[in-house]
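One structure below.
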Amino acid sequence: MKILIKNGQIVDPAAGVQKELDLLIEDGKISEIGRSLKASGAKEIDAKGKLVLPGLIDMHAHLREPGREDKETILTGSRAAAKGGFTTVCCMPNTSPCIDSQGVARFIISEAERAGLIDVRPVGAITKERNGEELSEMADLKRAGCVAVSDDGNPVPKADMMRRALEYASMMGFVVISHCEDKDLSGIGVMNEGFISTILGLRPIPRHAESFMVERDIRLAELTGAKLHIAHVSTKESVELIREAKARGAAVTAETCPHYFTLTDEAVKSFDTNLKVNPPLRTAADVEAIKEGLRDGTIDVIATDHAPHTENEKDVEFDYAPFGMIGFETALGLVASELVEKKVLDWKGVAEKMAVNPSKILGLGKGTLAQGAAADITIIDPNKEWQLKREDILSKSHNTPFIGRKMTGLVEYTIASGKIIYTS
Ligand code: DOR
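Numbering (numbering that gives the first Met the number 0), first residue to last: 0 to 423.
Structural data, given as structure tokens:
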């Protein structure tokens, strides 16, 4: 099938292109970019006034299959991701059973192929059963198609285990994605430690539960020379530590998620359990530091940490609800409204944080609209105002605090391997 995208603003930082051009897709690949292109029999998309970005890549999401298909499946997650403009999603290993064997990794890839929408790449576990005690068979995980390793949802508590994990992962060519949390410090906390947790009487998670582990893992990465990626950065101190490590030349990269630059712990006054995430929402000063980290390149990636949970699980007291919110369908709208409109990033910066850099970090060979590249493309109307409605959510779960929120910037088309997988 041929698709001709006419007069869109091509935003392709990897190729150094940002201008109004036509783009032709043939046989799943980008066959031509230029002015006034013609192609007989092609489906035409009028993209005048729209942005044409490399297909978005979410390097941190939870698809819940196998094990918790009541929250999300690979099919429902793929549909929600496609609606959010994502053509590639990396799914974290905290499934049941977890992704610590070839069988589970291969199952996920084959289910994603059966769904036939986006490219799903599993992230394998660092330790068997993600329990921090014994390294996983990383060579097997590599062979089965995993693109990184992480015990996400859990830290690797023992420093010596993390050191060996970094050494071993580096031999396999894996980046280690670290969920930085000192569980002794976070304990049974449910929200950020501070004034708000005190007045609400909710158990606190101190900010240093995150930053102490960021510091430890950066030092271990420097010791081993291995590649480290810090997941879901939420504090000012973490941003500062990563900035300093990069200045020293450490092989460290980092991500944050839309909720960490959009919301603060003030929102928890509503007791809405959809605001319960791990790491927790922080303060206004942290939000500013995250934005500065995005602006100056300290934070390389925006990922969703899409974490579906059922209504039953979330419809309880704050203390008892699981951590996590869904994120695929709101990521681009929040990025456009909170970062582009507020001049933290321009669209080139968005393409870098949501396509180019995730691809580079994981070695996916994607994130460009160059001739010959796979036709993974996201077309965005940057000026479209919209409001998130519960009934429009495609994810199997609805745990988001953003229902009713007005945003500017909407995904109009998602094209994966030359196939239109979503239109607004
Ligand atoms: O909020 C979160 N939810 N943080 C995590 O680290 C795990 C995730 C989940 O799996 O629900």
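Ideal Cβ positions, reconstructed from N, Cα and C, are used throughout, including at glycine. Just so you know, these numbers come straight off a predicted model, no measurement behind them.
About 24 Å separates the Cβ atoms of M190 and S149, ruling out a contact at the 8 Å cut-off. When C-beta atoms of the stretch 67 to 75 are compared with those of the stretch 31 to 46, fewer than three pairs fall below 8 Å, so the two segments do not count as touching. With respect to the 7 Å criterion, L50 and V103 are not classified as neighbours on the basis of their beta carbons.
Cβ contact annotation for A266 (same chain, cutoff 6 Å, sequence separation greater than five): L274, in chain order. Excluding its 5 nearest sequence neighbours in each direction, M324 has C-beta neighbours in its own chain below 7 Å: H258, N273, V276, A306, N398, T399 and P400, listed in chain order.
L52 and E31 have their C-alpha atoms roughly 15 Å apart.
In this chain, the beta strand (DSSP E) harbouring G408 covers K405 to A415. As a beta-bridge residue in DSSP terms, S177 pairs with I229. Shown here, H308 sits in coil according to DSSP, grouped into three states, outside any helix or strand.
For V88, the enclosing beta strand (DSSP E) covers residues F85 to C90. Burial is judged here by how many other beta carbons sit within 10 angstroms of a residue's own beta carbon; T252 has at least 16 and is buried.
If you check the C-beta of G323 against the ligand DOR, you find a heavy atom less than 6 Å away. In this structure, the ligand DOR has a non-hydrogen atom nearer than 6 Å to the beta-carbon of V276.
Classified as buried, G408 has 16 or more neighbouring CB atoms from the shown chains inside 10 Å of its CB. When DSSP reads this structure, S149 sits in a beta bridge with I176.
One Cα belongs to A302, the other to E43, and the distance between them is close to 31 Å. Note on geometry: alpha-carbon atoms of L368 and P205 lie some 43 Å from one another. Secondary structure remark: continuous alpha helix (DSSP H) runs of at least 4 residues inside the stretch 190 to 261, in chain order: 194 to 199, 207 to 223, 235 to 247 and 257 to 261. Set against 6 Å, the gap from the CB of G152 to the closest heavy atom of the ligand DOR is smaller.
By the neighbour-count criterion, in which a residue is buried when 16 or more other Cβ atoms sit within 10 angstroms of its Cβ, R142 is exposed.
Between D21 and the set V349, D304, P381 and I376, the nearest pair of CA atoms involves I376.
For T282, the closest of G296, L262 and I298 by C-alpha to C-alpha distance is L262. The Cβ atoms of A225 and E180 lie no closer than 7 Å to each other.
In this structure, the straight-line span from the alpha carbon of D118 to that of S233 is close to 28 Å. Judged by pairs of C-beta atoms under 8 Å, the stretch 343 to 350 does not touch the stretch 384 to 398, as fewer than three such pairs exist. The Cβ-Cβ distance between E328 and G83 falls below 7 Å. Annotation: the continuous beta strand (DSSP E) that includes T377 extends over I376 to Q386. In the three-state reduction of the DSSP assignment, N356 falls in the helix class, which pools H, G and I.
Only residues of its own chain outside the window of five on either side were considered, and among them G83, P257 and T303 have a CB closer than 6 Å to the CB of A330, listed in chain order. For V16, DSSP records a beta bridge to D11. Set against 6 Å, the gap from the CB of A306 to the closest heavy atom of the ligand DOR is smaller.
A60 sits away from G7, with the two beta carbons spaced by 7 Å or more. In the same chain as D380, and ignoring 5 residues on each side of it, the C-beta atoms closer than 7 Å to its own belong to K49, L409 and E411, in chain order. L363 has its alpha-carbon roughly 10 Å from the corresponding atom of I56. In this structure, D151 lies near H178, with their beta-carbon atoms less than 7 Å apart. In the assembly as shown, I198 is an exposed residue. Its beta-carbon has fewer than 16 other beta-carbons within 10 Å.
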